[in-house]
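Worksheet: the structure to be examined is printed underneath.
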Amino acid sequence: MDKFLDLTIPQTEYQNEMKEMNMDIEERWIRNIVSQHEDDFEKSGAENYKSFCDFCLENGIEYKTNAIKLGLKIKRLIGDCIKKIPTKKCDYTEFHVEKIKKKLNNKINKN
2 MDKFLDLTIP QTEYQNEMKE MNMDIEERWI RNIVSQHEDD FEKSGAENYK SFCDFCLENG
62 IEYKTNAIKL GLKIKRLIGD CIKKIPTKKC DYTEFHVEKI KKKLNNKINK N
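As numbered in our numbering, residues 2 to 112 make up the sequence shown, in order.
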């Protein structure tokens with residue numbers, strides 16, 4: 002009985018599909034943009050918002066948000082994997098690709 006909690010639960014295709022279906026739209030978008038980059042990259046808040054809106058449009062997702070809400074959601078999901086870079090023109094977000102991939106993969110494996 003001591004090892005009962007240490008046993009791994011078998012993963013089924015159905016469970017994986019359910020996890021993906023219940024994933025936040027913002028998280029799907031983050032996974033999408035991170036999959037397109039091998040190295041760390043920077044985007045402005047406006048670029049993030051446009052990219053997110055394009056992603057929703059391409060995937061037939063109706064979702065209403067604004068740049069501020071999107072930024073807060075990104076920070077909540079992967080705040081320790083990004084860095085804000087203020088400039089005179091606007092603030093940029095630096096995405097650390099490997100950290101993000103690791104964090105999001107750990108999140109899926111926990112559930």
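No residue lacks a Cβ here, since even glycine has one placed at the ideal position from N, Cα and C.
Source: prediction; values computed, not measured.
- By the CB criterion at 8 Å, Ile79 and Ile101 fall inside the cutoff.
- In the DSSP assignment, Tyr50 falls within the alpha helix (DSSP H) that extends over 46 to 59.
- Contact holds between the region 50 to 62 and the region 17 to 32, because three or more Cβ pairs, one in each stretch, are under 8 Å apart.
- Residue range 68 to 79 is occupied by the alpha helix (DSSP H) that includes Lys74.
- Measuring C-alpha to C-alpha distances from Tyr93 to each of Lys76, Lys44, Lys65 identifies Lys44 as the nearest.
- Taken through DSSP and simplified to helix, strand or coil, Tyr15 comes out as helix.
- Around Ile86, the same chain offers Glu43, Asp92, Tyr93, Thr94, Glu95 as residues with beta carbons nearer than 8 Å, after the five sequence neighbours per side are excluded.
- Distance from Leu71 to Asn49 at the Cβ level is roughly 6 Å; contact confirmed, criterion being Cβ atoms closer than 8 Å.
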